[in-house]
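Chemist: Every letter in the sequence shown is one number past the one before it in our numbering, and letter 10, counting from 1, is 30. Here's a structure for you.
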Amino acid sequence: MAWTMPQKVGIYTLIQKLAEQKVASAEELVTYAKLAVFLGDVRTAVKFSYSLDSPQFRDAMLSLLTTVGSAKAEAMNDPAGVDNLDYLIVRIRQTYGESLRKFWGP
Numbered sequence: 021m022a023w024t025m026p027q028k029v030g031i032y033t034l035i036q037k038l039a040e041q042k043v044a045s046a047e048e049l050v051t052y053a054k055l056a057v058f059l060g061d062v063r064t065a066v067k068f069s070y071s072l073d074s075p076q077f078r079d080a081m082l083s084l085l086t087t088v089g090s091a092k093a094e095a096m097n098d099p100a101g102v103d104n105l106d107y108l109i110v111r112i113r114q115t116y117g118e119s120l121r122k123f124w125g126p
């Protein structure tokens with residue numbers, strides 16, 4: 021996936037927003053939905069409207085993780101892009117973990 025400069029700016033802006041938001045916050049979930057739309061996956065974006073502990077939400081997180089992982093594999097010649105996508109992968113995993121914690125309880 022060869023991204024144009026506006027696309028790179030768009031993904032960087034979304035990643036910056038995530039860096040300012042608390043893991044598993046409502047704001048973060050909106051940002052994930054925007055990211056899914058940005059990546060062309062509207063079905064995944066809709067699943068972010070489900071509660072954090074629902075299977076649909078976790079399915080959306082896994083789908084987003086897969087898409088971002090594919091983008092990272094294709095961005096290997098852009099070190100800054102890889103670093104940004106690495107950060108995004110870590111954030112998605114953190115939120116997924118929080119979803120599992122809420123599902124299973126304390």
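Idealized CB from N, CA, C, for every residue including glycine. The model shown is predicted, which means the values in this text are computed figures rather than measured ones.
#1: To the nearest angstrom, how far is it from the Cα of residue 96 to the Cα of residue 105?
#2: Quick one: measure Cβ to Cβ for residue 92 and residue 77, integer angstroms, because I've assumed they're closer than 8 Å.
#3: Which full runs of the alpha helix (DSSP H) of 4+ residues lie inside the region 45–103, going along the chain?
#4: Under 6 Å Cβ to Cβ from residue 49, same chain only, skipping five residues before and after it: list those, please.
#5: Out of 115, 56 and 90, which one is the CA nearest neighbour of residue 44?
#6: Mapping the DSSP letters down to three states, classify residue 24 as helix, strand or coil.
Modeler: Put simply:
#1: 10 Å
#2: That pair is no contact at about 22 Å.
#3: 46–58, 62–67 and 75–94
#4: 68
#5: 115
#6: coil
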